[in-house]
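Numbering (the working numbering), first residue to last: 286 to 526.
Every residue, glycine too, gets a C-beta built ideally from N, C-alpha and C.
These numbers come from a predicted model, not from an experiment.
Below is one structure, written out as structure tokens; the observations come after it.
The following block contains the structure:
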């Protein structure tokens, strides 16, 4: 199997292209600054993962800013920290401020010359539009949880994407699903019969950060530690002919 065998790269955005862990930590500062006993970065992210996943499961039709606002309130309750509804709502609107990984734009602009690029993301259109401006590339398809009415790892999200890709003449064998999260992306991609490319942004860290523990390791067809490594691997394949 080679990268150049595929026609479309389907991406998770947050954690893969956008540095959502840094974005989360920065945007939670009004809350974490009030902690009597400071928590580690990973402890904050793991608590966030728990409440985000739970809220997405129980209220799959709510837009992502509302999900994040609920997560903010649940974190405040767990940590015994005072908060306001306004702060929670501000946190829900913070996604466009989350930074892109430094290598994302250059890698995407290169890959755009060789593949169709598609987003399958657990956000809403407004939040993603802010992130898309940071990435500075035109995607060929953008499918969000707001469009679909559910959140990954629900199979509905992958089924929705594949149905729309079929309209473009693209089948599952044409797709390489490219993502960081084993829980949100690689496990359901396996069930959908898609090849998987793991962008292992957390390769130098323990644990799963802002994503849930997947429980078991899904099948991975390609692994790179960055988007830059993915682009370089494709360049090498093209040079070899």
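Residue 344 and residue 508 have their alpha carbons spaced roughly 33 Å apart. In the structure shown, residue 383 falls within a coil segment according to DSSP collapsed to helix, strand and coil.
Per DSSP, reduced to three states, the secondary structure at residue 312 is helical.
By the 16-neighbour rule on beta-carbons within 10 angstroms, residue 463 is buried.
In the structure shown, residue 486 falls within a coil segment according to DSSP collapsed to helix, strand and coil. Between the alpha carbons of residue 518 and residue 313 lies a gap of roughly 36 Å. With a cutoff of 8 Å on beta-carbon distance, residue 299 and residue 403 are scored as not near each other. Shown here, residue 302 sits in coil according to DSSP, grouped into three states, outside any helix or strand.
Per DSSP, reduced to three states, the secondary structure at residue 399 is coil, with no helix or strand assignment.
Counted as a single uninterrupted DSSP element, the beta strand (DSSP E) harbouring residue 464 occupies residues 460 to 464.
Rounded to the nearest angstrom, the Cβ distance from residue 446 to residue 295 is 6 Å, consistent with a contact under 8 Å. Per DSSP, the unbroken alpha helix (DSSP H) holding residue 413 starts and ends at 410 to 420. Collapsing the DSSP output to three states places residue 405 in a strand.
By the CB criterion at 8 Å, residue 336 and residue 359 fall inside the cutoff.
In the DSSP secondary-structure assignment, residue 293 is bridged to 401 and 460. In this structure, the alpha-carbon of residue 427 lies about 27 Å from that of residue 522.
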